[in-house]
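In UniProt numbering, the protein residues as written are 1 to 214.
Some notes on the structure that comes next.
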DNA sequence: TTGTGTTTTATTGCCTCC
DNA sequence: GGAGGCAATAAAACACAA
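The structure is reproduced here in structure tokens:
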């Protein structure tokens, strides 16, 4: 019948013109519209095409329009008429083509934006997963350290001071002479530093102190 | 060949701007 | 109020698998 179908999909977007927007647009954003009855294109027999049916543009016409669309998304009426005469088309056809092309372009923009946001979102998910893993590991380490402290202070309170109401409540203000008590930290100027540092210091120094006591 | 899905062209109705 | 833009949609044209 014709040879104009090869490049049909050259500029087409993957989703049909209305489907993507319908998918993306919030429900309330759509304007309510009365459903109209379509009036068939009149068999005017006139116009540049000669038939009353849809006239598909030739590849050359489409390419030329595409080129112009690349330069400017909207047409001034003068330009529209000029283009129409150059292409042997009705100015209305040119206007419609630009209108539809803008719609496709907008859909493509939306789709690109969606894909960009989606990949960003996916990357964030992976990041979140890593961070959650990290938190779990740190929590585990913390509880292990606490266990160790408990275990060791249990040992020392039994063997050295005897009083003081157990390791957990050991206070720097205690009158005990126990050298590994937190009060001793003051010697090194770390009183009130962050927990992690204090914990590590206490533990390693406890080993030393314990050895010293023995 | 035919049924089905997609793309393109065209229409309609509403909205905004001048 | 008319022109032009846009969203929604109809329908022709087309592609393609079965």
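All C-beta atoms in this analysis are idealised placements derived from N, C-alpha and C, irrespective of residue type, glycine included.
Check: Alpha carbon to alpha carbon, how far is residue 139 from residue 131? Give it in angstroms, no decimals.; Outcome: 12 Å
Check: State the start and end residues of the unbroken alpha helix (DSSP H) segment that holds residue 86.; Outcome: 77-87
Check: Residue 74: buried (16+ other C-beta within 10 angstroms of its C-beta) or exposed?; Outcome: exposed
Check: Let me check understanding here. Comparing Cα to Cα, which of 127, 54, 106 and 63 lies closest to residue 90?; Outcome: 54
Check: Could you tell me the distance, in whole angstroms, from the CA atom of residue 80 to the CA atom of residue 114?; Outcome: 33 Å
Check: Could you tell me if residue 133 is buried or exposed, where buried requires 16 or more neighbouring beta carbons within 10 angstroms of its beta carbon?; Outcome: exposed
Check: Rounded to the nearest angstrom, how far is the Cβ of residue 101 from that of residue 69, given a contact under 8 Å?; Outcome: 5 Å
Check: Do residue 94 and residue 103 have their beta-carbon atoms positioned less than 8 Å apart in this structure?; Outcome: no
Check: Ignoring anything shorter than 4 residues, give me the alpha helix (DSSP H) runs that lie fully in the stretch 94-168, in order along the chain.; Outcome: none
Check: How big is the Cα-Cα spacing for residue 86 and residue 112?; Outcome: 33 Å
Check: Use the C-beta contact count for residue 61: other C-beta atoms within 10 angstroms, 16 or more gives buried, fewer gives exposed.; Outcome: buried
Check: State the DSSP-derived secondary structure class of residue 90, mapped to helix, strand or coil.; Outcome: coil
Check: Roughly how many angstroms lie between the CA atoms of residue 127 and residue 78, to the nearest whole one?; Outcome: 54 Å
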